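> Just add 11 to the spot in the sequence shown (first one is 1) and you have this note's numbering.
Quick reminder that beta carbons are idealized off the backbone N, C-alpha and C, glycines included.
Quick caveat, the model's predicted, so the values are computed rather than measured.
One structure follows; several queries about it will come next.
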Amino acid sequence: MSEGATGLIEAGAGAQPQAGERRRGIDRVIMLLEALLKHRAPMRIGDIAKMINAPRSTTYEIVNSLLEAEMLENVGSEGYVYFGRAMHLFGWAYSHHNAHYRRILETLDRMAAETGETVQLCGLRGNKYVVLDCRDSPGPFRISSDVGVEVPIPWTASGRLLVGHMQERELKDFIPAADYELPDGRVIAPDEFFADVDLARRQGFSETSALADRFTWCMAAPIRDSHGAINTTLCFVLPVDTPEPRRNQLLELLRERASALSLAGS
Numbered sequence: 012m013s014e015g016a017t018g019l020i021e022a023g024a025g026a027q028p029q030a031g032e033r034r035r036g037i038d039r040v041i042m043l044l045e046a047l048l049k050h051r052a053p054m055r056i057g058d059i060a061k062m063i064n065a066p067r068s069t070t071y072e073i074v075n076s077l078l079e080a081e082m083l084e085n086v087g088s089e090g091y092v093y094f095g096r097a098m099h100l101f102g103w104a105y106s107h108h109n110a111h112y113r114r115i116l117e118t119l120d121r122m123a124a125e126t127g128e129t130v131q132l133c134g135l136r137g138n139k140y141v142v143l144d145c146r147d148s149p150g151p152f153r154i155s156s157d158v159g160v161e162v163p164i165p166w167t168a169s170g171r172l173l174v175g176h177m178q179e180r181e182l183k184d185f186i187p188a189a190d191y192e193l194p195d196g197r198v199i200a201p202d203e204f205f206a207d208v209d210l211a212r213r214q215g216f217s218e219t220s221a222l223a224d225r226f227t228w229c230m231a232a233p234i235r236d237s238h239g240a241i242n243t244t245l246c247f248v249l250p251v252d253t254p255e256p257r258r259n260q261l262l263e264l265l266r267e268r269a270s271a272l273s274l275a276g277s
């Protein structure tokens, strides 16, 4: 969940309105949609109310309005709701209006077909890393990450590029201390991570192995916007035992394609 949305949820139902009741209603709609996105499955309205710390009556009212707008839909016969067809249309409109994003999706398709490897588009939401889109490897050993699941930045190759504009003091404030602990209990030393960020900034790519998953080797290259900022990355997720010549070949391809997608010189 994004940092701003998390702040809204933590504010809770008892917070004083900052811009009147209309603003509070809009905030709760955002909180409700973010809660469903984070849960990644249909939920009962009562459970949503608890998750966003809002009155059940208010939550029912919001859900009914979103159902009427087809932004949500009923799932089954036991009171569960989830995203509706209108949400698909909003996403479709974004991807088709944004010519650059269409180019990125075409590149993902082409790279997955050419290499047989898992390729991803990655970015940040708040102070977490997310996979924005993914094309899975068609091979028997499939490695993939769920689109939209928020992951600590230090676990990822992309994260080292995406925070490359920050100084060490900013990184200390931005990344929660708990995010340096890996799923298996190992801990990344912050100084080691800061050094990795500096290296990624200087060399223009990042590689990590056996961090979030002991069986994966990840490599990422920056996609720069028209101002030269890195808001997204292009990534390969490989088996950790991929031979070095093969990794070098894929890294060269990755950097070439990411550079071609950039709107400013790398």
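Give the straight-line distance between the Cα atoms of Ser217 and Arg266, rounded to the nearest whole angstrom.
For the purposes of this step, residue 217 is taken as residue 206 along the sequence shown, with counting starting at 1. For the purposes of this step, residue 266 is taken as residue 255 along the sequence shown, with counting starting at 1. For Ser217 and Arg266, the distance between alpha carbons rounds to 10 Å.
> Just verifying my parser: in three-state terms, what is the DSSP assignment at Ala80?
Taking the first residue of the sequence shown as 1, we reach residue 80 at position 69. Looking at Ala80 - three-state DSSP - the assignment turns out to be coil, as it is neither helix nor strand.
> Near Asp190, which residues of its chain fall below 7 Å by C-beta distance, leaving aside the five closest residues on each side in sequence?
Locating residue 190 in the sequence shown gives position 179, where the first residue counts as 1. Hits under 7 Å: Pro163, Ile164 and Pro165.
> Less than 7 Å between C-beta atoms, sequence neighbours within five positions excluded: which residues of the same chain meet that for Gly170?
One-based indexing of the sequence shown puts residue 170 at position 159. Result list for Gly170: Tyr140 and Ile164, in chain order.
> Determine the closest residue to Glu72 out of Glu89, Gly36 and Gly95, with distance taken between C-alpha atoms.
The residue labelled residue 72 in the question sits at position 61 within the sequence shown. The candidate whose alpha carbon is nearest that of Glu72 is Gly36.
> Taking only three categories from DSSP, how would you classify Ala269?
The sequence position of residue 269 within the sequence shown is 258, counting from 1. Three-state result, Ala269: helix.
> With three or more C-beta pairs closer than 8 Å as the rule, is the segment 188 to 207 touching the segment 235 to 251?
No, because fewer than three Cβ pairs between the segment 235 to 251 and the segment 188 to 207 fall closer than 8 Å, the two stretches do not touch.
> Could you tell me which residues DSSP pairs with Ser220 in its beta bridges?
Looking up residue 220 in the sequence shown gives position 209. The partner list for Ser220 (beta bridge, DSSP) reads Trp228.
> Are the CB atoms of Cys133 and Ala231 within a distance shorter than 9 Å?
The residue given as residue 231 occupies position 220 in the sequence shown. The residue given as residue 133 occupies position 122 in the sequence shown. Yes, Cβ-Cβ distance for Ala231 and Cys133 is below 9 Å.
> Roughly how many whole angstroms lie between the Cα atoms of Val208 and Ala221?
As a first step, residue 208 must be located in the sequence shown, where it is residue number 197. As a first step, residue 221 must be located in the sequence shown, where it is residue number 210. Between Val208 and Ala221, the C-alpha separation is close to 17 Å.
> Please classify Phe205 as buried or exposed, where buried requires at least 16 neighbouring CB atoms within 10 angstroms.
Taking the sequence shown and counting its residues from 1, the one referred to as residue 205 is at position 194. The residue in question, Phe205, is buried, as its Cβ has 16 or more Cβ neighbours within 10 Å.
> Tell me where the alpha helix (DSSP H) around Gly57 begins and ends.
As a position in the sequence shown, residue 57 is number 46, starting the count at 1. Run containing Gly57: Ile56 to Ile63, per the alpha helix (DSSP H) assignment.
> Residues in the same chain with beta-carbon distance under 6 Å from Thr278, minus the five sequence neighbours each way, listed in chain order, please.
Nothing in the structure corresponds to residue 278, since the chain is present only between 12 and 277.
> Go ahead and pull the three-state DSSP assignment for Asn259.
The residue you call residue 259 lines up with position 248 of the sequence shown. DSSP places Asn259 in helix when its eight states are reduced to three.
> So, is the C-beta of Arg212 closer than 9 Å to a C-beta in chain C?
Judged by its chain identifiers, the structure shown contains no chain C, having just a single protein chain.
> Count the other CB atoms within 10 Å of the CB of Leu261; is the residue buried (16 or more) or exposed (fewer)?
To locate residue 261, count along the sequence shown from 1; it is residue 250. Result: buried.
> For Gly175 and Arg212, which I take to be in contact (beta-carbon distance under 8 Å), what is that distance rounded to the nearest angstrom?
Looking up residue 175 in the sequence shown gives position 164. Looking up residue 212 in the sequence shown gives position 201. Their Cβ separation, rounded to whole angstroms, is 4 Å, which keeps Gly175 and Arg212 in contact under 8 Å.
> Determine contact between the segment 232 to 239 and the segment 176 to 190, defined as no fewer than three beta-carbon pairs at a distance below 8 Å.
Flag = no, the segment 232 to 239 and the segment 176 to 190 do not touch.
> Rounded to the nearest angstrom, what separates Thr227 and Cys246 at their Cα positions?
The count along the sequence shown starts at 1 and reaches residue 227 at position 216. The count along the sequence shown starts at 1 and reaches residue 246 at position 235. Those two C-alpha atoms are separated by around 12 Å.
> On a Cα-Cα basis, can you pick out the residue from Leu78, Val86, Glu84 and Leu172 that is closest to Thr219?
The sequence position of residue 219 within the sequence shown is 208, counting from 1. Considering only alpha carbons, the answer is Leu172.
> Could you tell me how far apart the beta carbons of Met42 and Ile63 are, in whole angstroms, since I believe they sit closer than 8 Å?
For the purposes of this step, residue 42 is taken as residue 31 along the sequence shown, with counting starting at 1. For the purposes of this step, residue 63 is taken as residue 52 along the sequence shown, with counting starting at 1. About 4 Å; that satisfies the 8 Å criterion.
> Which whole-angstrom value is the C-beta distance of Leu78 and Asn85, which I expect to be below 8 Å?
Within the sequence shown, numbered from 1, the residue matching residue 78 stands at position 67. Within the sequence shown, numbered from 1, the residue matching residue 85 stands at position 74. That pair is a contact at about 7 Å.
> Take the Cβ of Leu101 as the centre, count every other Cβ of all protein chains shown within 10 Å, and call the residue buried at 16 or more, exposed below.
In the sequence shown, counting from the first residue as 1, residue 101 sits at position 90. The question names Leu, but residue 101 in the sequence shown is Phe. Exposed, by the Cβ-count rule.
> With a threshold of 7 Å on Cβ separation, who are the neighbours of Leu210 within its own chain once the five nearest residues in sequence on each side are excluded?
For the purposes of this step, residue 210 is taken as residue 199 along the sequence shown, with counting starting at 1. None.
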